[in-house]
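Since the structure comes first, as structure tokens, the remarks are kept for the end.
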Amino acid sequence: MQAVKPPRWTFVRSPRGSMFGEPGNRDKQRRVLLDVLTAFATIQEPGGHVKLAYRWEAPPVMYRGTGLREGPNA
Amino acid sequence: MPPMKAEQDWIEDFRVAYGHWLPEALPLLERAEYQAAFRFYPFPEFDTTPWTPVTKPLAASRLGVVTTASVYRPAVDPPFVQGPEGDVSLRRIPGDVTLADLDVSHSHIPEHVARQDMNTVLPLDHLRALVAAGVLGGLAGTHFSVMGYATRAADLAETVAPEIAEALVQDRVDLALLVPV
Numbered sequence: 222m223q224a225v226k227p228p229r230w231t232f233v234r235s236p237r238g239s240m241f242g243e244p245g246n247r248d249k250q251r252r253v254l255l256d257v258l259t260a261f262a263t264i265q266e267p268g269g270h271v272k273l274a275y276r277w278e279a280p281p282v283m284y285r286g287t288g289l290r291e292g293p294n295a
Numbered sequence: 003m004p005p006m007k008a009e010q011d012w013i014e015d016f017r018v019a020y021g022h023w024l025p026e027a028l029p030l031l032e033r034a035e036y037q038a039a040f041r042f043y044p045f046p047e048f049d050t051t052p053w054t055p056v057t058k059p060l061a062a063s064r065l066g067v068v069t070t071a072s073v074y075r076p077a078v079d080p081p082f083v084q085g086p087e088g089d090v091s092l093r094r095i096p097g098d099v100t101l102a103d104l105d106v107s108h109s110h111i112p113e114h115v116a117r118q119d120m121n122t123v124l125p126l127d128h129l130r131a132l133v134a135a136g137v138l139g140g141l142a143g144t145h146f147s148v149m150g151y152a153t154r155a156a157d158l159a160e161t162v163a164p165e166i167a168e169a170l171v172q173d174r175v176d177l178a179l180l181v182p183v
């Protein structure tokens, strides 16, 4: 993200392609989204960011024969 | 902090570097050897961070979503092209769309997840509920979808990104939520 330099960003440790959480986990998706929307106001300077503590709560997501897991805590 | 626009001065150099990169990378891309191909990709470098201050409370703000999950409407629009250079085209997603009418065409992500629950990449069900609850002021009349795998970054910066930005401004959107996948 340091290279991309987005104005403000939120980090969540979801596997690629599942940014708001596990499919069907509506409560968690809503909480992730609320945290992201809250960050619009709380981030006050360019490049500011929030790292969310959510963990992936399902088996790895299968993709081309490989299980995708949550990302590192960047 | 005062507003600051995105840099443009990398684009010309990028186009030159891309012209050198592509012939060498193409055989690797066609064999899906992405790590090898992108090891020498001319990633743009930026000195500054674009910035627009948030001036309204969330409950008074109108929000538009830009997803990179290659979401599209199969009954209306073509899918994204799955070539070695990806696709730099744009799909418009009407604000009142039914999620069941959407699909994804992005061979670089596990598409079955989005097909199982589109809210994982375009959380319109939740956003609509937040508007109904008064937490969020409103939603854009149109949301936007691109393919996150698109190697022609200069084309994205010069054509698609300004088109999205202009449309969001015309739609009186206060907040743009970019969902990268």
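As you go down the protein sequences, you meet chains A and B in turn.
Residue numbering for the first sequence follows our numbering, beginning at 222 and increasing consecutively.
Residue numbering for the second sequence follows our numbering, beginning at 3 and increasing consecutively.
Glycine included, each C-beta is placed from N, C-alpha and C at the ideal position.
Note that the structure is a prediction, hence the values are computed from the model and not measured.
To the nearest whole angstrom, what separates the beta carbons of residue i and residue j, a pair I think is in contact under 8 Å?
i, j, result
"M3(B)", "P52(B)", "No, M3(B) and P52(B) are not in contact; Cβ-Cβ is about 11 Å, not under 8 Å."
"P81(B)", "E32(B)", "About 20 Å; that fails the 8 Å criterion."
"R117(B)", "V106(B)", "7 Å"
"E278(A)", "E243(A)", "6 Å"
"E168(B)", "I13(B)", "The Cβ separation is near 18 Å, so there is no contact."
"L101(B)", "L258(A)", "Not quite, the Cβ-Cβ distance comes to about 19 Å (not below 8 Å), so this is no contact."
"A155(B)", "F16(B)", "6 Å"
Just how far apart, CA to CA, sit residue i and residue j?
i, j, result
"F146(B)", "V123(B)", "12 Å"
"R252(A)", "P280(A)", "20 Å"
"D89(B)", "D157(B)", "10 Å"
"D127(B)", "N121(B)", "7 Å"
"P96(B)", "D103(B)", "11 Å"
"T224(A)", "K249(A)", "Reading off the sequence, residue 224(A) comes out as Ala, not Thr. So the alpha carbons of these two residues sit roughly 29 Å apart."
"P29(B)", "F45(B)", "19 Å"
"Y74(B)", "V183(B)", "15 Å"
"Y151(B)", "V83(B)", "10 Å"
"G292(A)", "G268(A)", "20 Å"
"D1(B)", "W23(B)", "Absent from the model: residue 1(B). The displayed extent of chain B is 3 to 183, so no value can be given."
"I264(A)", "A178(B)", "15 Å"
"T50(B)", "D11(B)", "12 Å"
"Y275(A)", "S235(A)", "8 Å"
"A39(B)", "Y20(B)", "12 Å"
"G286(A)", "Q37(B)", "17 Å"
"E47(B)", "K226(A)", "9 Å"
"G245(A)", "A134(B)", "21 Å"
"V194(B)", "R94(B)", "Missing from the structure shown is residue 194(B); chain B here goes from 3 to 183 and no further."
"Q172(B)", "I166(B)", "10 Å"
"G136(B)", "A34(B)", "46 Å"
"T153(B)", "R290(A)", "25 Å"
"S91(B)", "D79(B)", "11 Å"
"R247(A)", "F241(A)", "9 Å"
"V18(B)", "P228(A)", "27 Å"
Residues in the same chain with beta-carbon distance under 7 Å from residue i, minus the five sequence neighbours each way, listed in chain order, please.
i, result
"W230(A)", "M222, H270"
"L273(A)", "T231, F232, V233, V253, D256"
"S239(A)", "V282"
"A260(A)", "R229, T231, V271"
In the structure shown, what three-state DSSP assignment does residue i receive?
i, result
"F232(A)", "strand"
"F261(A)", "helix"
"V181(B)", "strand"
"K249(A)", "helix"
"A152(B)", "strand"
"I95(B)", "strand"
"R64(B)", "strand"
"L273(A)", "coil"
"W23(B)", "helix"
Near residue i, which residues of its chain fall below 8 Å by C-beta distance, leaving aside the five closest residues on each side in sequence?
i, result
"G288(A)", "P280, P281, V282"
"A71(B)", "V106, H108, I111, A116, V123, L124, S147, G150, V181, V183"
"F42(B)", "W23, E26, A27"
"L129(B)", "L65, V67, L138, L141"
Short of 6 Å in beta carbon distance, which residues of its chain neighbour residue i, apart from the five on each side in sequence? Order them along the chain.
i, result
"A8(B)", "P52"
"K58(B)", "D176"
"R237(A)", "L289"
For the pair the region 65-83 of chain B and the region 137-144 of chain B, tell me if three or more CB-CB distances fall below 8 Å. yes
Is the region 46-61 of chain B close to the region 106-122 of chain B, with three or more CB pairs under 8 Å? no
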